[in-house]
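Novice: Starting off with a structure, shown below.
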Amino acid sequence: MGGIRRALISVSDKEGMIAFAQGLAHHHVELLSTGGTARLLREAGLAVIEVADYTGFPEMLEGRLKTLHPKIHGGLLARRDDPKHEEDMRQQGIPPIDLLCVNLYPFEATIAQPDVRLEDAIEQIDIGGPTMLRAGAKNWQGVTVVVDPADYEAVLREMEQSRGGVGAKLRFQLAAKVFAHTARYDGLIANHLSRHLDNLEEPDDFPRILTLQLEQQQTLRYGENPHQRAAFYADASPSGLAQAQQLQGKELSYNNLSDSDAAINLVREFAEPACAIIKHGNPCGTAIGQDIADAFARAWSADPVSAFGSVIACNRPITAALAQVMSESFIEVILAPQVEAEAATTLARKKNLRVLAYGGLEPQQQAAGWDLKRVRGGLLLQDFDDLVEDETLWRVVSERQPTAEERRDLRFAWKVAKHVRSNAIVYAAAGRTLGVGAGQMSRVDAARCGAAKAEELGFSLQGAALASDAFFPFRDGVDAAGATGVKAIIQPGGSIRDEEVIASANEQGIAMIFTGVRHFRHG
Numbered sequence: 221m222g223g224i225r226r227a228l229i230s231v232s233d234k235e236g237m238i239a240f241a242q243g244l245a246h247h248h249v250e251l252l253s254t255g256g257t258a259r260l261l262r263e264a265g266l267a268v269i270e271v272a273d274y275t276g277f278p279e280m281l282e283g284r285l286k287t288l289h290p291k292i293h294g295g296l297l298a299r300r301d302d303p304k305h306e307e308d309m310r311q312q313g314i315p316p317i318d319l320l321c322v323n324l325y326p327f328e329a330t331i332a333q334p335d336v337r338l339e340d341a342i343e344q345i346d347i348g349g350p351t352m353l354r355a356g357a358k359n360w361q362g363v364t365v366v367v368d369p370a371d372y373e374a375v376l377r378e379m380e381q382s383r384g385g386v387g388a389k390l391r392f393q394l395a396a397k398v399f400a401h402t403a404r405y406d407g408l409i410a411n412h413l414s415r416h417l418d419n420l421e422e423p424d425d426f427p428r429i430l431t432l433q434l435e436q437q438q439t440l441r442y443g444e445n446p447h448q449r450a451a452f453y454a455d456a457s458p459s460g461l462a463q464a465q466q467l468q469g470k471e472l473s474y475n476n477l478s479d480s481d482a483a484i485n486l487v488r489e490f491a492e493p494a495c496a497i498i499k500h501g502n503p504c505g506t507a508i509g510q511d512i513a514d515a516f517a518r519a520w521s522a523d524p525v526s527a528f529g530s531v532i533a534c535n536r537p538i539t540a541a542l543a544q545v546m547s548e549s550f551i552e553v554i555l556a557p558q559v560e561a562e563a564a565t566t567l568a569r570k571k572n573l574r575v576l577a578y579g580g581l582e583p584q585q586q587a588a589g590w591d592l593k594r595v596r597g598g599l600l601l602q603d604f605d606d607l608v609e610d611e612t613l614w615r616v617v618s619e620r621q622p623t624a625e626e627r628r629d630l631r632f633a634w635k636v637a638k639h640v641r642s643n644a645i646v647y648a649a650a651g652r653t654l655g656v657g658a659g660q661m662s663r664v665d666a667a668r669c670g671a672a673k674a675e676e677l678g679f680s681l682q683g684a685a686l687a688s689d690a691f692f693p694f695r696d697g698v699d700a701a702g703a704t705g706v707k708a709i710i711q712p713g714g715s716i717r718d719e720e721v722i723a724s725a726n727e728q729g730i731a732m733i734f735t736g737v738r739h740f741r742h743g
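Have a look at this one:
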């Protein structure tokens, strides 16, 4: 394990830098640096050699040219075990650089600014930084390369344990991290610039060239079926399910994660205490309540048969009382912002039960990035369906106006229907689903399936509300709903047969609202 004698430090993110440099100086490491980083270290009382003094070549072009020099790159690229490299270095007077600590110009933060100008984005494209990083990482057997402030502690700890050196395993891990980092950086640049290919002033909504980078969170036992391999990846700014911490239970499966995502996305629709019970991607029971225990009880009673072996999400912490009730049933996964200590003790008695805390998610929080769907030979990309609807734009199209209670039920059913696979019909009353018709090939079948489910569970649909994720193409769906006793319907509208559909509602005394927004969910 070779000792570190010389380090080059040049960072835009100064977090933790003084402590890291002090740790290096403790091991008698010579510090080379540039510009603002050199000033920071010098002000902290550290001895620093400016790169310009080290190379004998001044910074040029307003700082654009400072580290692209043979004395820098020779020191990074020279193999320590190659006599020819050693001879070249000796003849040219180039000493080795054993540690490189660099992070890049803030290109990502720059393009995140609204209305950023193309020239401002381009100015934040780092040239010297990625070049040095790639050089040092390629030569990982002789150079320790640090790109992430989170790794400072690990490097110093290993140097302390090994009298100033860093082992091969950590050097390789850091090198791999460097290439992932520079690949992501270049991908961000390619994505942003390729939005301007047709118009330099007005970028397209989507990049012409799309580069993605995701980090593996875990490998899974298998995919949707045992013969399929699977893994879970998170993007660079994990949120939602990717930020969840598993508190207990068996390893999560592919289907567990898919249903967990559906469950979190549904409960985040509500400001009130809410619980969503998901089975095979669809909500079999959803409810709001006076508190989270009440919401769970009402959601479970909406379809206790389907809830067996389900995934359940709550938008409030799990209390001790709720944990006791939950532990009496077979549940695959429980998700909540937090789990109270006593509740965690109760749930821990069921060793196989997976419990996840996903932290805070504000209702209607806008998801970053894009919604992606893989198809053979390509990728479909769209915005997330996170539209915050303006209810003042909803139109009552029926002769009868909905009552205040019916409006509340319609609003609730509409939020749930958004998360049901199309064709989707949701029957609801008093803040609870009564029947869900999901994934049917015709909308009238979805209406009949949801009504049959309600009847099977002993629920009366007399006076209930119905939500449809897309318009009724014919009046038959409304006829079927009216026959069950439904008295209020919410749907997007927009069918060429809207007049027939509205006529059916009027004939049956049904209040009907058109939202003007469709929520197809094809999976």
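Numbering (our numbering), first residue to last: 221 to 743.
We put the CB at the ideal spot given by N, CA and C, even for glycine.
A quick note: this is a predicted structure, and the numbers were derived from the prediction, not measured.
#1: Is the beta carbon of Phe740 closer than 7 Å to that of Ser680?
#2: In chain order, what residues of the same chain lie with their CB nearer than 7 Å to the CB of Ser232, ignoring the 5 residues before and after it?
#3: Val365: which of Gln393, Gln728, Glu378, Cys504 sits nearest, CA to CA?
#4: Going by Cα to Cα distance, which pick from Phe691, Ile532, Pro315, Gly589 is closest to Ala637?
#5: To the nearest angstrom, report how far apart Phe550 and Gln544 are at their CA atoms.
#6: DSSP state of Ile722, grouped into three classes?
#7: Less than 7 Å between the beta carbons of Gly713 and Phe734, yes or no?
#8: Would you kindly report the start and end of the unbroken alpha helix (DSSP H) that includes Glu676?
#9: Which first and last residues belong to the beta strand (DSSP E) in which Thr735 is found?
#10: Could you check how far apart the C-beta atoms of Ala700 and Ile730 are, in whole angstroms? I think they sit under 8 Å.
#11: Provide the residue(s) that pair with Leu320 in DSSP beta bridges, ordered along the chain.
#12: For Leu472, count the other beta carbons within 10 Å of its own beta carbon; 16 or more makes it buried, fewer makes it exposed. Which is it?
#13: What are the residues that DSSP puts in a beta bridge with Arg574?
#14: According to the Cβ coordinates, are Ser480 and Leu467 closer than 7 Å?
#15: Could you work out which residue in Val617, Gly736, Val575, Gly655 is closest to Asp610 when comparing CA atoms only?
#16: Using a Cβ-Cβ cutoff of less than 6 Å, which residues in the same chain neighbour Glu270 once the five nearest sequence positions on both sides are dropped?
#17: Take Gly743 as the anchor and find which of Leu542, Leu677, Asp591, Met732 has the nearest alpha-carbon.
#18: Can you give me the Cβ contacts of Ser662 inside the same chain, cut-off strictly under 7 Å, excluding the 5 residues immediately before and after it?
#19: The beta strand (DSSP E) with Leu467 in it runs from where to where?
#20: Specify, as a first and last residue, the run of the alpha helix (DSSP H) that Val636 falls within.
#21: On the three-state DSSP scale, how would you describe Asn411?
#22: Assuming contact is defined by CB atoms lying nearer than 7 Å, are Val698 and Ala658 in contact in what I supplied?
#23: Are at least three pairs of beta-carbons, each pair with one atom in the segment 287 to 302 and one in the segment 242 to 250, less than 8 Å apart?
#24: Do you know whose CA, among Met546, Phe399, Ile538, lies nearest Trp520's CA?
#25: On a Cα-Cα basis, can you pick out the residue from Ala577, Asp273, Leu319, Ile538 that is closest to Glu562?
#26: By DSSP's criteria, Ser473 is part of a beta bridge. Which residues make up the other side?
#27: What separation, rounded to the nearest whole angstrom, lies between the Cα atoms of Phe694 and Val664?
#28: For a test of the three-state rule: what should DSSP assign to Asp605, helix, strand or coil?
#29: Out of Asp689, Thr623, Thr566, point me to the one whose CA is closest to Ser715's CA.
#30: For a test of the three-state rule: what should DSSP assign to Val531, helix, strand or coil?
#31: Taking contact to mean at least 3 C-beta pairs separated by less than 8 Å, is the segment 378 to 388 in contact with the segment 295 to 315?
#32: Which residues does DSSP list as the beta-bridge partners of Gln438?
#33: Can you say whether Asp418 is buried or exposed, counting buried as having 16 or more other CB atoms within 10 angstroms of its CB?
#34: Taking just the CA atoms, how far does Phe399 sit from Met221?
#35: Helix, strand or coil: which one does DSSP assign to Met221?
#36: Taking DSSP as the reference, what is the three-state secondary structure of Gly443?
Specialist: On the basis of the supplied data:
#1: Within the sequence shown, the letter at position 460 stands for residue 680. Within the sequence shown, the letter at position 520 stands for residue 740. Cβ distance not < 7 Å, so Ser680 and Phe740 don't count as in contact.
#2: Taking the sequence shown and counting its residues from 1, one reaches residue 232 at position 12. Only Asn323, Leu324, Tyr325, Pro326 meet the Cβ criterion.
#3: Counting from 1 along the sequence shown, the entry for residue 365 is found at position 145. Nearest of Gln393, Gln728, Glu378, Cys504 to Val365, Cα basis: Gln393.
#4: Residue mapping note: residue 637 aligns to position 417 of the sequence shown, counting from 1. Per the Cα distances, Phe691.
#5: For this step, residue 550 is matched to residue 330 along the sequence shown. For this step, residue 544 is matched to residue 324 along the sequence shown. Computed Cα separation, rounded: 12 Å.
#6: Taking the sequence shown and counting its residues from 1, the one referred to as residue 722 is at position 502. Reduced to three states, the DSSP call for Ile722 is helix.
#7: Counted from its first residue, the sequence shown places residue 713 at position 493. Counted from its first residue, the sequence shown places residue 734 at position 514. Going by C-beta atoms, Gly713 is nearer than 7 Å to Phe734.
#8: Here residue 676 corresponds to residue number 456 of the sequence shown, with the count starting at 1. First-last of the alpha helix (DSSP H) with Glu676: 663 to 676.
#9: Residue 735 sits at position 515 when you count from the first residue of the sequence shown. Unbroken run through Thr735: none, as it is neither H nor E.
#10: Position 480 of the sequence shown holds residue 700. Position 510 of the sequence shown holds residue 730. Not really, about 12 Å apart at Cβ, beyond 8 Å.
#11: Mapped onto the sequence shown, residue 320 falls at position 100. Bridge partners of Leu320: Leu228, Val365.
#12: Here residue 472 refers to the residue found at position 252 of the sequence shown. Answer is buried; the Cβ neighbour count reaches 16.
#13: Position 354 of the sequence shown holds residue 574. Answer is Val553.
#14: As a position in the sequence shown, residue 480 is number 260, starting the count at 1. As a position in the sequence shown, residue 467 is number 247, starting the count at 1. No, they are not a contact pair.
#15: Within the sequence shown, numbered from 1, the residue matching residue 610 stands at position 390. Comparing Cα-Cα distances from Asp610 to each of Val617, Gly736, Val575, Gly655, the minimum goes to Gly736.
#16: For this step, residue 270 is matched to residue 50 along the sequence shown. Counting only Cβ-Cβ distances below 6 Å, and skipping sequence neighbours, we find Ala258.
#17: Walking along the sequence shown from the start, residue 743 turns up at place 523. The shortest C-alpha separation from Gly743 is found at Asp591.
#18: Locating residue 662 in the sequence shown gives position 442, counting from the first residue. Closer than 7 Å at Cβ, skipping near neighbours: Asn643.
#19: Here residue 467 corresponds to residue number 247 of the sequence shown, with the count starting at 1. That run of the beta strand (DSSP E) goes 465 to 468.
#20: By 1-based counting over the sequence shown, the position of residue 636 is 416. It spans 624 to 637 - the alpha helix (DSSP H) in which Val636 sits, taken as one unbroken run.
#21: Taking the first residue of the sequence shown as 1, we reach residue 411 at position 191. In this structure, Asn411 counts as helix in the three-state DSSP scheme.
#22: As a position in the sequence shown, residue 698 is number 478, starting the count at 1. As a position in the sequence shown, residue 658 is number 438, starting the count at 1. In this structure, Ala658 does not lie closer than 7 Å to Val698 by Cβ.
#23: no
#24: In the sequence shown, residue 520 corresponds to position 300, counting from 1. With distances taken between Cα atoms, Trp520 lies closest to Met546.
#25: Within the sequence shown, residue 562 is the residue found at index 342, counting from 1. Checked all of Ala577, Asp273, Leu319, Ile538; the closest Cα to Glu562 is Ile538.
#26: Position 253 of the sequence shown, counted from the start, is the residue given in the question as residue 473. For Ser473, which the question treats as bridged, DSSP gives no partner whatsoever.
#27: Here residue 694 is taken as the residue at index 474 of the sequence shown, counted from 1. Here residue 664 is taken as the residue at index 444 of the sequence shown, counted from 1. Their backbone Cα atoms lie some 9 Å apart in a straight line.
#28: Indexing the sequence shown from 1 puts residue 605 at position 385. Three-state result, Asp605: coil.
#29: Locating residue 715 in the sequence shown gives position 495, counting from the first residue. The candidate whose alpha carbon is nearest that of Ser715 is Asp689.
#30: Taking the first residue of the sequence shown as 1, we reach residue 531 at position 311. DSSP places Val531 in strand when its eight states are reduced to three.
#31: no
#32: Residue numbering aside, residue 438 sits at position 218 when the sequence shown is read from its first letter. Note: Gln438 sits in a beta bridge opposite Phe452.
#33: Counting from 1 along the sequence shown, the entry for residue 418 is found at position 198. Answer is exposed; the Cβ neighbour count stays below 16.
#34: As a position in the sequence shown, residue 221 is number 1, starting the count at 1. As a position in the sequence shown, residue 399 is number 179, starting the count at 1. Confidence at Met221 is low in this model, with a pLDDT of 49, below 50, so its placement is unreliable and the value that follows should be read with caution. Roughly 23 Å separates the two Cα atoms.
#35: Translated into the one-based positions of the sequence shown, residue 221 becomes position 1. Note that Met221 scores a pLDDT of 49, beneath 50, so its modelled location is shaky; the value from the coordinates is reported in the next line. Of the three classes helix, strand and coil, the one that applies to Met221 here is coil, per DSSP.
#36: Taking the sequence shown and counting its residues from 1, one reaches residue 443 at position 223. Reduced to three states, the DSSP call for Gly443 is coil.
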